[in-house]
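**Q** Chains as they are written, first to last, in the working numbering: chain A, 5 to 119; chain B, 216 to 332.
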C-alpha cells in the first residue's frame, strides 16, 4: 500500500548530540511537511518542501534543518537537541494542485526522547 | 488570535450514541479548507473528513459528517453510532488559501473523546 513511513518509531539521543529523523513516501506527493507535537498539544509546522523549494516557518529554531534529496525522502536534522526538543515528530505529504482539496497524509511519527 | 478553536478539551459519549465535536475558525481568506483528523494514543494522525469553503453541501464520510455553518465560522464534526475504537484525540485543522500554495495546516488544540461501553 502507498504510504508515509517514518523511521525510527522511537529515537533516544543525548543532550547536544545531533540526530536525524527520516521520512519516506510512496505516494509521489510533491509536498512534504515536518511537524513537532509536544505532549497534549497540537502539531506545529516546522517547515515544508514544495517540490524542491524549502519553506521555513518564522518561529522554527535554527537548530532544526531539513533535507529533501528526492521526491520520496525527507529528513529532519536536529543539530544540538535540547531537553525542550523532546516531542513527537510527524511527517506528512500532500499532492497540491490548483483547485484541489487534498488532505495531508501523515506517517506514524517518531517519538524523540532526550537524555 | 486563535485561528482554530476547539472549546471541548474532553468529551464522553456512550457507545452507539452520536457525538458532536465543536470547531470554530477565524479567517479573512475567502478560500480555505477545513479538515478533521483523529489521533489515537499510538500517535498517528488519521484523516477523517474535509470541507471546502465553497462547498454547498456538508461533507459526509461513513459515520463522520461535518456540520458546516459558514456564517458562524463553525465546522463541527458529528460521529454517529460511536464505537469503542473512536476513543482518541480529534483535531480540527484549517488550510488558508488555494491548495496550490503549499497547504499549511493550522491545528486546533484538540478534543479528547472517550467512548464508554
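Cβ atoms here follow ideal geometry from the backbone N, Cα and C, with glycine treated the same way.
With distances taken from CA atoms, which of A:39, A:69 and A:51 is nearest residue 258 (chain B)?
**A** A:39
**Q** Give the straight-line distance between the Cα atoms of residue 296 (chain B) and residue 285 (chain B), rounded to the nearest whole angstrom.
**A** 26 Å
**Q** Compare the C-beta of residue 108 (chain A) with all C-beta atoms of chain B and state if any pair is closer than 8 Å.
**A** yes
**Q** Are residue 90 (chain A) and residue 41 (chain A) closer than 8 Å when you measure CB to CB?
**A** no
**Q** My output table needs one value for residue 31 (chain A): the three-state DSSP class, helix, strand or coil.
**A** coil
**Q** Would you mind giving the Cβ-Cβ distance between residue 328 (chain B) and residue 302 (chain B), rounded to the nearest angstrom? I have them listed as a contact below 8 Å.
**A** About 6 Å; that satisfies the 8 Å criterion.
**Q** Between residue 49 (chain A) and chain B, is any beta-carbon pair separated by less than 8 Å?
**A** yes
**Q** Could you work out which residues of chain A lie near residue 311 (chain B), taking near to mean beta carbons separated by less than 7 Å?
**A** Within chain A, no residue comes near residue 311 (chain B); the closest Cβ sits about 12 Å away, beyond 7 Å.
**Q** Say whether chain A places a C-beta atom closer than 8 Å to the C-beta of residue 260 (chain B).
**A** yes
**Q** By DSSP, does residue 88 (chain A) sit in helix, in strand, or in coil?
**A** helix
**Q** Please return the same chain residues whose Cβ sits closer than 6 Å to the Cβ of residue 69 (chain A), not counting the five positions on each side in sequence.
**A** 81
**Q** Which of the residues in the stretch 29–57 of chain A, read from start to end, lie with their CB under 7 Å from any CB of chain B?
**A** 35, 46, 47, 49, 52 and 54
**Q** Taking CB distances under 8 Å as the criterion, tell me whether residue 112 (chain A) reaches chain B.
**A** yes
**Q** Roughly how many whole angstroms lie between the Cα atoms of residue 114 (chain A) and residue 27 (chain A)?
**A** 9 Å
**Q** By DSSP's criteria, residue 327 (chain B) is part of a beta bridge. Which residues make up the other side?
**A** B:225 and B:304
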